[in-house]
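Quick note on the UniProt record's numbering: the sequence shown kicks off at 1 and runs consecutively. Yeah, the Cβ is synthetic: ideal placement off N, Cα and C, and Gly gets one too.
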Amino acid sequence: MVLYTSPFPNSFLSVLHSFSWGLIFPCYWLADRLVASFVPTTYEKRQRADDPCYFHALCIIITTPIYLALLVASLPFALIGFLLWSPLQSARRPYIYSRLEDKNHANGATLLTEWKAAGNGKSFCFGSANVCLLPDSLARFNNVFNTQARAKEIGRRIRNGASRPQIKIYIDSPTNTSISAASFSSLVSPQGGDNTNRTVNAGIKRTTSMEYKGDNSGSNNSEDSREDKAGAGEPNEGEENTCIVRINGEDNGHMSDTETDTVNGQAHASGPAEPSLEGDAEISKTPNHKQKEGDSGSLDSYSASRESLVKVRVGDGTVDQSTVNNKLLYKASIMKKTSVRKKKHTDETFDHEISAFFPANLDFLCLQEVFDKRAAEKLKEQLHHYFEYIVYDVGVYSCHGCCSFKFVNSGLLFASRYPVMDAAYHCYPNGRGTDSLASKGALFLKVQVGSTPQDQRIVGYISCTHLQAIAGDTTVRCEQLDMLQDWLSEFRKSTSSSSTANPEELVAFDVICGDLNFDNCSSEDKLEQQHSLFTHYKDPCRIGPGEDKPWAIGTLLDPEGLYDEEVCTPDNLQKVLESEEGRKGYLVYPTSKNHSSSQKGRKASLKGNGRRIDYMLYTEEGLYLEWKVEVEEFSFITQLAGLTDHLPVAMRLMVSTGEDDP
Numbered sequence: 001m002v003l004y005t006s007p008f009p010n011s012f013l014s015v016l017h018s019f020s021w022g023l024i025f026p027c028y029w030l031a032d033r034l035v036a037s038f039v040p041t042t043y044e045k046r047q048r049a050d051d052p053c054y055f056h057a058l059c060i061i062i063t064t065p066i067y068l069a070l071l072v073a074s075l076p077f078a079l080i081g082f083l084l085w086s087p088l089q090s091a092r093r094p095y096i097y098s099r100l101e102d103k104n105h106a107n108g109a110t111l112l113t114e115w116k117a118a119g120n121g122k123s124f125c126f127g128s129a130n131v132c133l134l135p136d137s138l139a140r141f142n143n144v145f146n147t148q149a150r151a152k153e154i155g156r157r158i159r160n161g162a163s164r165p166q167i168k169i170y171i172d173s174p175t176n177t178s179i180s181a182a183s184f185s186s187l188v189s190p191q192g193g194d195n196t197n198r199t200v201n202a203g204i205k206r207t208t209s210m211e212y213k214g215d216n217s218g219s220n221n222s223e224d225s226r227e228d229k230a231g232a233g234e235p236n237e238g239e240e241n242t243c244i245v246r247i248n249g250e251d252n253g254h255m256s257d258t259e260t261d262t263v264n265g266q267a268h269a270s271g272p273a274e275p276s277l278e279g280d281a282e283i284s285k286t287p288n289h290k291q292k293e294g295d296s297g298s299l300d301s302y303s304a305s306r307e308s309l310v311k312v313r314v315g316d317g318t319v320d321q322s323t324v325n326n327k328l329l330y331k332a333s334i335m336k337k338t339s340v341r342k343k344k345h346t347d348e349t350f351d352h353e354i355s356a357f358f359p360a361n362l363d364f365l366c367l368q369e370v371f372d373k374r375a376a377e378k379l380k381e382q383l384h385h386y387f388e389y390i391v392y393d394v395g396v397y398s399c400h401g402c403c404s405f406k407f408v409n410s411g412l413l414f415a416s417r418y419p420v421m422d423a424a425y426h427c428y429p430n431g432r433g434t435d436s437l438a439s440k441g442a443l444f445l446k447v448q449v450g451s452t453p454q455d456q457r458i459v460g461y462i463s464c465t466h467l468q469a470i471a472g473d474t475t476v477r478c479e480q481l482d483m484l485q486d487w488l489s490e491f492r493k494s495t496s497s498s499s500t501a502n503p504e505e506l507v508a509f510d511v512i513c514g515d516l517n518f519d520n521c522s523s524e525d526k527l528e529q530q531h532s533l534f535t536h537y538k539d540p541c542r543i544g545p546g547e548d549k550p551w552a553i554g555t556l557l558d559p560e561g562l563y564d565e566e567v568c569t570p571d572n573l574q575k576v577l578e579s580e581e582g583r584k585g586y587l588v589y590p591t592s593k594n595h596s597s598s599q600k601g602r603k604a605s606l607k608g609n610g611r612r613i614d615y616m617l618y619t620e621e622g623l624y625l626e627w628k629v630e631v632e633e634f635s636f637i638t639q640l641a642g643l644t645d646h647l648p649v650a651m652r653l654m655v656s657t658g659e660d661d662p
């Protein structure tokens with residue numbers, strides 16, 4: 001299948017489309033600004049209340065007539081542009097495939113060779129997030145604003161979090177039962193050289209953050225220092241760039257000189273961050289991009305967390321001077337044992353956490369609500385610093401391909417470190433209400449993740465979708481889930497080049513990600529909860545229809561509290577969500593006839609831990625029979641605090657081949 005690298009089949013149509021959109025854009029922008037001036041966010045309301053010199057009413061009185069006059073003047077040009085733009089959509093392709101042109105940072109082909117060196121298996125990390133990148137006037141109804149600046153900051157935070165190497169910290173403290181494990185998102189500085197697992201013993205007090213200094217000299221996505229892991233501790237096959245630090249409760253939380261020397265120069269990893277990326281950091285007028293002390297959401301910050309108790313430096317050995325000049329201060333978030341993560345869940349087979357960072361070595365990313373095209377371009381530019389392959393501007397416009405007129409695309413965006421082999425998009429034809437104005441649908445992708453010694457391709461399937469959002473439309477969502485399964489089955493059949501007798505491809509995983517707009521605890525969502533999709537695909541957070549696992553939390557934030565000081569930074573939001581009372585104040589809970597819709601300050605007994613409408617599903621059906629797929633880690637992520645009203649989720653799957661099993 002040919003991947004579409006441009007929206008139109010020839011340059012003439014592309015130029016004509018650009019011309020038509022140029023006529024429409026002034027009218028579109030003026031209308032957007034006019035509506036936005038009358039829809040303030042809670043942050044803007046607080047600013048006006050605190051500043052007596054803020055003459056917002058006067059500004060509206062002055063600017064509204066100007067906007068209206070210019071809007072009326074631009075309407076004739078917009079009408080002409082629309083008459084050109086609308087028929088062109090019949091020739092438009094359903095997505096744009098972008099591949100990183102910089103060969104220095106391209107490493108997709110290198111990643112394919114890792115499967116052969118992985119031994120008995122390899123892990124893959126998937127992420128999903130609803131980023132609410134609508135036109136600014138519409139985004140304000142979700143209490144977020146400044147879409148263009150948010151898009152750039154969202155991309156910056158995602159690739160900063162994902163480009164960190166992976167470190168696991170195991171805590172053994174007989175006198176402190178408040179800590180059970182460390183965040184898998186913890187940081188260790190990128191460093192060249194040997195890339196073996198290290199186990200470092202050190203005494204440590206209770207802490208939630210760690211400072212880390214290290215060089216930042218490597219180019220992003222470099223694979224030069226990747227090697228097979230071997231060494232002390234408990235190495236786990238399939239984990240890349242992992243530094244294992246073992247912490248005990250002795251020595252009263254102080255590291256000895258010997259232990260410090262052990263740490264120095266031994267926590268090597270090859271997930272370097274790009275030195276030039278943070279130099280262009282800009283100061284935004286929105287609160288979403290202010291980096292406060294202890295804010296781990298953006299790794300640009302040179303300040304330490306208030307609770308940082310341990311400082312570890314890497315690289316005391318011989319280092320090039322240019323490396324020293326590029327040193328950055330990193331922080332590692334250590335996960336406390338909370339009401340969400342209690343040791344009583346001993347029957348759980350995988351790790352789970354609330355993390356202030358996107359997982360290290362994130363392989364695949366599925367985003368929803370990337371509706372604004374300019375914001376999509378900014379987001380793509382940032383993500384390309386880490387992801388080599390991106391599929392964006394997914395969907396159809398006008399009346400082409402769907403039953404009703406579509407003003408915006410599907411909002412889906414997919415990013416991958418591994419090469420994309422095939423892609424297909426389908427639009428849900430049964431959208432209702434305001435959802436019918438967007439070409440919501442499903443994006444199906446086939447990626448190559450490796451090859452066997454016999455040169456058989458190892459592939460994986462990923463589906464990204466966004467279902468009907470309007471409450472009560474359970475029948476519509478169930479129909480869309482039916483179509484999702486049918487389309488996925490057709491996509492797998494049409495893209496498979498294997499036969500049972502002579503398999504040319506081995507399927508390693510099949511994952512579905514997206515905002516399904518229903519949760520597993522609401523009584524109004526019973527039909528969706530019992531859908532056949534969940535008999536074929538597994539939800540790591542789910543016990544059964546109507547019941548989630550005790551550690552699972554909601555992914556829909558209460559929009560009214562987005563800018564509260566308690567949750568406006570990733571660290572703060574992480575701490576709040578670790579407590580039951582905090583979740584009651586800042587998460588939207590399953591709807592109930594007995595409770596009002598207001599979330600703030602509610603102390604009543606509520607079912608579950610919030611509305612979990614963002615899903616990561618996987619299946620064991622249709623995979624290579626001799627392989628086994630298991631969840632290795634599941635995370636709820638707070639790194640986009642203040643930038644969206646959803647919590648991103650991430651899942652790490654371990655594909656075990658069993659070749660080295662006794």
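Looking at chain C, is there any beta carbon in it that lies within less than 8 Å of the beta carbon of residue i?
i    : result
G395 : Of the protein chains in the structure, only one exists, and it is not chain C.
Just to confirm the assignment, what range does the beta strand (DSSP E) spanning residue i have?
i           : result
G127        : 121-133
L445        : 441-451
residue 712 : Past the edges of the chain, shown from 1 to 662, lies residue 712, and the structure says nothing about it.
residue 664 : With the chain represented from 1 up to 662, any question about residue 664 goes unanswered, as that position is not in the structure.
K353        : Looking at the sequence provided, one finds Glu at residue 353 rather than Lys. That run of the beta strand (DSSP E) goes 351-355.
I462        : 457-466
S635        : 628-637
E369        : 364-370
A423        : 420-427
Y586        : Element bounds for Y586: not the beta strand (DSSP E) but the alpha helix (DSSP H), 580-586.
I390        : 389-392
What are the boundary residues of the alpha helix (DSSP H) that includes residue i?
i    : result
C27  : 11-36
C478 : 474-495
F509 : Unbroken run through F509 is the beta strand (DSSP E), 505-515; no alpha helix (DSSP H).
Which same chain residues, not among the five before or five after residue i, have their C-beta less than 6 Å away from its C-beta?
i    : result
H400 : Q89, S90
V391 : Y95, Y97, F414, A423
A151 : L133, A375, K378, L379
H426 : G441, A442, W487
F634 : H352, P540, M651
G161 : F357, F358, Q639
By Cβ distance below 7 Å, which residues in the same chain neighbour residue i in space, the five residues on each side in sequence not counted?
i    : result
R159 : Q382, L383, H385, Y386
Y4   : R93, Y95, I96, Y97
D435 : Q468, A469, I470
A36  : D136, S137, R140
L70  : L30
Looking at the structure shown, is residue i part of a helix, part of a strand, or coil, going by DSSP?
i           : result
L412        : coil
H384        : coil
K344        : Its pLDDT being 41, under 50, K344 is placed unreliably in this model, and the coordinates cannot settle the point.
M654        : strand
L111        : helix
T5          : coil
C399        : coil
S98         : strand
S74         : helix
residue 663 : The first residue shown for the chain is 1 and the last is 662, placing residue 663 beyond what the model contains.
D645        : coil
P190        : Reliability of the predicted coordinates at P190 is poor, the pLDDT of 37 falling under 50, and the value obtained from them is presented with this limitation in mind. Coil, per DSSP.
D614        : strand
Would residue i pass as a contact of residue j if the rule is Cβ separation under 8 Å?
i           : j    : result
Q639        : A376 : no
Q454        : N517 : no
R612        : T555 : yes
Y461        : V507 : yes
L653        : E632 : yes
D363        : R417 : yes
residue 667 : S463 : Absent from the model: residue 667. The displayed extent of the chain is 1 to 662, so no value can be given.
E565        : N143 : no
M483        : Y428 : yes
P26         : S86  : no
Ignore the nearest five residues each way along the sequence and tell me which others in residue i's own chain have a CB closer than 8 Å to its CB.
i   : result
P7  : S14, H17, R92, R93, I96, D393
A57 : none
V2  : none
At which residue ranges does the segment 519-574 contain complete alpha helix (DSSP H) runs of 4 or more residues, listed in the order of the chain?
-> Taking only runs of at least 4 residues, the alpha helix (DSSP H) segments lying wholly in the segment 519-574 are 526-529, 533-536.
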